[in-house]
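Heads up, the thing below is written out as structure tokens.
In our numbering, the protein residues as written are 21 to 307.
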């Protein structure tokens with residue numbers, strides 16, 4: 021079936037440098053060219069709109085993301101940081117370190133009293149059969165509890181020197197320095213010294229007397245644990261007051277010669293349940 025001449029249109033393409041070319045196109049396509057152009061344009065507009073829409077959505081999501089991150093940072097800043105609580109030793113090494121720390125604290129107490137401390141190395145058990153049945157943690161835990169009690173006892177039990185110097189008079193009966201024909205009971209020990217030298221507490225405690233005390237002159241008495249009391253007599257100056265809590269090594273007065281005294285010195289007593297005991301027993305750890 022042959023096509024009618026009107027169904028075919030000839031398009032002549034002219035180029036000045038070459039022979040003109042002809043192109044036959046169906047006439048209906050030429051008439052619809054406007055519609056084709058409109059369709060292509062519509063597609064381009066639709067694609068362009070879609071691109072702008074997607075870009076807008078993406079920008080909005082970025083903005084929301086930044087806002088959420090800012091809120092998260094703000095919330096993190098408002099959450100209180102949990103306080104770090106001291107943990108109890110959880111292993112054998114921790115127990116050893118705790119024990120050594122307490123031994124060092126005991127040594128500090130002793131040095132303040134003029135006593136030589138002891139080594140904190142090689143802390144261990146005594147080899148008892150019962151102890152051998154305990155685990156390392158159980159053994160060191162028992163040591164740790166024992167050291168707690170020991171630290172407390174050393175801190176509050178009179179021990180060491182209230183004034184580091186030589187002894188001039190001892191505990192017990194002696195000739196009366198004011199009347200050699202008579203004997204008297206000396207309830208403490210005397211330390212040599214110069215007026216103004218510091219007299220120091222030999223244990224933690226509370227001052228129960230501070231003032232003039234008969235033949236003791238200016239006197240300070242301190243109550244300690246287990247019904248112990250220490251007395252410091254013939255002071256030239258008192259540095260504490262009644263009711264005051266004192267610690268080991270704290271200055272409580274100054275050496276003098278007040279009261280019933282023949283010269284400058286420090287009179288020192290240790291009393292147990294109100295009765296004087298020999299202070300010599302409390303000067304070293306070996307007594």
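C-beta: ideal position from N, C-alpha, C; glycine also. Computed from a predicted structure; not experimentally measured.
Three or more Cβ pairs closer than 8 Å define a contact, and the segment 222 to 230 meets that threshold against the segment 258 to 273.
Taken through DSSP and simplified to helix, strand or coil, residue 44 comes out as strand. Per DSSP, the unbroken beta strand (DSSP E) holding residue 189 starts and ends at 187 to 189. One thing to note: residue 217 has its Cβ within 7 Å of the Cβ of residue 275. About 17 Å separates the CB atoms of residue 224 and residue 292; that is not less than 8 Å, and the two are not in contact. Taking 7 Å as the cut-off, the beta carbon of residue 129 is found no closer than this to the beta carbon of residue 90. Assignment of residue 209 by DSSP, reduced to helix, strand and coil, places it in the strand class. CA-to-CA, the gap between residue 93 and residue 135 works out to about 58 Å. Note: residue 204 is bridge-paired with 194 in the DSSP secondary-structure output. By the CB criterion at 7 Å, residue 234 and residue 287 fall outside the cutoff.
DSSP places residue 215 in no beta strand (DSSP E); its state is neither H nor E. DSSP places residue 236 within a helical segment (H, G or I) once states are collapsed to three. In this structure, the alpha-carbon of residue 236 lies about 23 Å from that of residue 177.
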